[in-house]
Amino acid sequence: MALLLIASPGLLASIPPATAATPPTAPDLLARADVIYQPTAASLDRLAPDANPDVVALGLGIMQCAQQHGVGENARRLAIIDYSRSSLTPRLWVFDLARNTLLYREVVAHGQGSGGDIPDHFSNREGSHASSLGLFLTGRTYEGRNGHSLRMEGLEPGFNDAAMSRAIVIHGADYVNPEAGEAQGRLGRSWGCPALRPSVADGVIEVLKDGQFVFSYYPEREWLMRSALARCALARVEGDGHEHRWLGVR
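Under the numbering used here, think of the first position of the sequence shown as 129, with each following residue one higher.
Below, the structure is given as structure tokens:
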């Protein structure tokens, strides 16, 4: 079943075919000993017990599906954003997969076009000011109008592959202020970027730059049903015997 899903025409157009790995030499194995650890959904759950284990399992599975097709094979870190949660609660977790540690647990803003406290609309369209769902691969940092920022490449055609042209990036913003948010009932909102508190933004950007993964989740039916990466990951999760409950899919 997974093979048929992956082969669906157009769905993985942005993902190059997998290439055969060259077995490393013995010295190389020693040099890379700190990245041999293979994360599991259970190991990440233990690091982030307040995260939804189903979302964590899906994020890890989607990342592994992309790596099987030659994308981000050397990634050491994965950020998971659960947009089904209130903006006033931590909903971003940054994992160091090589060292099996949790680096950050943070609040994160969503786009103005996505809704209020809990977003319910997502878009890949220019000018929508909405957040996008799915898997992203990080690129280089730059200094922009929001200061130190991190570019992201959307890996899912039709859902987030316009991220570069829309300038959907990770950056810090003063409006990401939980105390002020409590008074207005929601966190401040971006134009679609996953914006962070200024005090942590630079640290998060530094650990996520240059070929790491960011996964943005919401139980949107269209994305879950049409995303080849999501369907590949769900097949992996079922194959691993993980009990997942995709209740409340919109």
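Heads up, the beta-carbon is just placed ideally off N, CA and C, and yes, glycines get one too.
Restricting attention to Y303, V342, M353, W351, the CA atom closest to the CA of A194 is found in V342. Restricting attention to Q166, Q196, V235, the CA atom closest to the CA of A301 is found in V235.
Apart from sequence neighbours up to five positions away, the residues of its chain that approach A291 with a beta-carbon distance below 7 Å are S260, F264, M280, E281, G282, ordered along the chain. Inter-segment contact for the segment 212 to 225 and the segment 238 to 246 is present: three or more beta-carbon pairs are separated by less than 8 Å.
Within the segment 281 to 345, the complete alpha helix (DSSP H) segments of 4 residues or longer fall at 291 to 294, 306 to 312, 326 to 336, listed in chain order. Check the Cα spacing between C360 and each of H197, N180, A176, P167: the tightest is with H197. Going by DSSP, L206 is part of the beta strand (DSSP E) stretching over 205 to 210. In the DSSP assignment, L216 falls outside any beta strand (DSSP E) and carries neither an H nor an E. The residues T266, G267, R268, in chain order, have a CB closer than 8 Å to that of D338 in the same chain once the five nearest residues on each side in sequence are set aside. In terms of Cβ geometry, V184 and D173 form a close pair [threshold 7 Å]. Bounds of any alpha helix (DSSP H) do not take in G200, whose DSSP letter is neither H nor E.
Residue nearest to V365 within the set N180, N228, L175, L188 is L188 (criterion: CA-CA distance). The beta carbons of G262 and F223 sit no closer together than 7 Å. Separation of the CB atoms of P167 and L225 is rounded to 5 Å, and the pair is thereby assigned contact status at 8 Å. In the displayed model, L261 falls within coil according to three-state DSSP, outside both helix and strand.
Going by DSSP, R227 is part of no beta strand (DSSP E) at all; its letter is neither H nor E. Following the DSSP letters along the chain, one finds R354 inside the alpha helix (DSSP H) bounded by residues 349 to 354.
Per DSSP, the beta-bridge partners of E234 are L220.
Per DSSP, reduced to three states, the secondary structure at S277 is strand. Proximity of the segment 349 to 358 to the segment 293 to 308 falls short of the contact definition, fewer than three beta-carbon pairs being nearer than 8 Å. D178: not part of any alpha helix (DSSP H); DSSP gives it neither H nor E. The beta carbons of R204 and Q340 sit about 7 Å from each other, so the pair counts as a contact at 8 Å. Of L186, L352, I246, the smallest CA-CA separation from R314 is found for I246. Here N202 is exposed, its C-beta having fewer than 16 other C-beta atoms within 10 Å. Residue environment: M191 is assigned as buried (16 or more neighbouring CB atoms within 10 Å of its CB, all protein chains considered).
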